[in-house]
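Trainee: Per the working numbering, residue 3 is the first one in the sequence shown, and the count goes up by one each step. Beta carbons: idealized from backbone N, C-alpha and C, even for Gly. Next up is a structure, given as structure tokens.
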Amino acid sequence: MNNKKPYLSIIIPCYNEKENLQRGVLDEVLDYLSKQNFAWEVIISDDGSNDGSTEIIKESIKEQEGFSLIANKHGGKPFAIWQGIKKAKGEFVLFTDMDQSTPIKELAKLIPFFDKYEIVIGSRGLERENFSLIRKVGSSVFRNFRKIILLRDIDDTQCGFKVFRKDIAEKLFPRLQFFKESEKVKGWKVTSFDVELLFLAEKSGYKIKEVPVEWFDRDVSKGKERSYSKESVEMLEQIIRVKINDIKGRYNQ
């Protein structure tokens, strides 16, 4: 990192990530970025963690140039990412998960496509290492159902490793219905905002490139209050909701 305007802003949303932080994920990010020849910044956008994550982050980054922390009220993953986007100074923004199941080094596979595509996303492929059987089945059902209804040319909408040109992210995020609903957020609230975001991008005519990346489930956090069965049902419901919203013209500019 140097005093130049960042070429890339890395946004890491955080909600109750104490265990992942304790195993050194931020050191992994710094180690990779410190070897790159482009200007960068890392924005950790905390979503109201209550497990001590923010204290660990503050201590970890207090002497690290280029790292910053945003302490948000609890609003869910899309909200945390949006707060990071608004603060970002880079030409491009990367959203990457704190657990680093897709390692930051996989960025090298995405960078070559920045010049030709406004959006470049990681894709985990069909085989998900370290996925339980129920999660593999659920992922397959979700993907096949979603491709029937939306985004037929994209295999993996849910990989937490996506790069957007910043000006485009600024246009798309406020249009998410997630921000227009009054539902109270509990837990991490990941759901299928990625589907809606990519659908809006495709509908707006932006070019999307999907790139295979390494992925291995490394999430050891314990405080996200997530139920994969409940979340899967919600995600299927939201795919239908996106389709209905489109039919009703709610995404028309």
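Please return the same chain residues whose Cβ sits closer than 8 Å to the Cβ of serine 103, not counting the five positions on each side in sequence.
Mentor: Gly162, Trp217, Phe218, Asp219, Arg220 and Asp221
Trainee: For threonine 56, report the span of its alpha helix (DSSP H) as first-last.
Mentor: 55–63
Trainee: In angstroms with no decimal places, state the Cα-to-Cα distance between aspartate 158 and serine 125.
Mentor: 5 Å
Trainee: So what does DSSP say about tryptophan 190, is it helix, strand or coil?
Mentor: Note that tryptophan 190 scores a pLDDT of 48, beneath 50, so its modelled location is shaky and nothing firm can be said.
Trainee: Could you give the uninterrupted runs of the beta strand (DSSP E) lying entirely in the stretch 202–254, keeping only those of 3 residues or more?
Mentor: 210–214
Trainee: At 4 residues or longer, what runs of the alpha helix (DSSP H) sit wholly inside the stretch 143–180?
Mentor: 168–174
Trainee: Note down the Cα distance separating glutamine 240 from aspartate 196, rounded to an integer number of angstroms.
Mentor: 11 Å
Trainee: Just reading off the alpha helix (DSSP H) that alanine 90 is part of, what are its end residues?
Mentor: First-last for alanine 90: undefined, no H or E at that position.
Trainee: Rounding to the nearest angstrom, what Cα-Cα distance links serine 234 and arginine 145 in this structure?
Mentor: 11 Å
Trainee: Give the single residue among Lys173, Lys209 and Glu108 whose Cα lies nearest to the Cα of aspartate 155.
Mentor: Lys209
Trainee: In the DSSP output, which residue or residues are listed as bridge partners for isoleucine 121?
Mentor: Phe166 and Ile210
Trainee: Restricting to Cα atoms, I'd like to know which of Gln160, Gly127, Ser194 and Ala203 is closest to arginine 177.
Mentor: That would be Ala203, whose Cα lies nearest to the Cα of arginine 177.
Trainee: Since glycine 170 contacts phenylalanine 97 with CB under 8 Å, what's their CB separation in whole angstroms?
Mentor: Before going further, note that residue 170 is isoleucine rather than glycine in the sequence given. Actually they are not in contact, since the Cβ atoms of isoleucine 170 and phenylalanine 97 sit about 13 Å apart, beyond 8 Å.
Trainee: Tell me the rounded alpha-carbon separation between glutamate 21 and arginine 243.
Mentor: Here the alpha carbon of glutamate 21 sits roughly 34 Å from the alpha carbon of arginine 243.
Trainee: Taking all protein chains shown into account, do 16 or more other C-beta atoms lie within 10 angstroms of the C-beta of isoleucine 150, making it buried, or fewer, making it exposed?
Mentor: The residue in question, isoleucine 150, is exposed, as its Cβ has fewer than 16 Cβ neighbours within 10 Å.
Trainee: Grab the span of the beta strand (DSSP E) containing glutamate 43 for me, first residue to last.
Mentor: 42–48
Trainee: Can you list, in chain order, the residues of its chain with a C-beta nearer than 6 Å to that of leucine 71? Leave out the 5 residues immediately preceding and following it.
Mentor: Ile46 and Ile59
Trainee: Which of the three DSSP states is assigned to serine 70 in this structure?
Mentor: strand
Trainee: How many angstroms separate the CA atom of glycine 50 from the CA atom of phenylalanine 40?
Mentor: 31 Å
Trainee: When the Cα atoms are used, what is the spatial distance from glutamate 30 to lysine 164?
Mentor: 18 Å
Trainee: Leaving out five residues on either side along the sequence, give the residues of the same chain with a beta carbon under 8 Å from the beta carbon of phenylalanine 175.
Mentor: Pro80, Ile83, Trp84, Ile87, Phe181 and Leu199
Trainee: Do the CB positions of phenylalanine 166 and valine 213 come within less than 8 Å of each other?
Mentor: no
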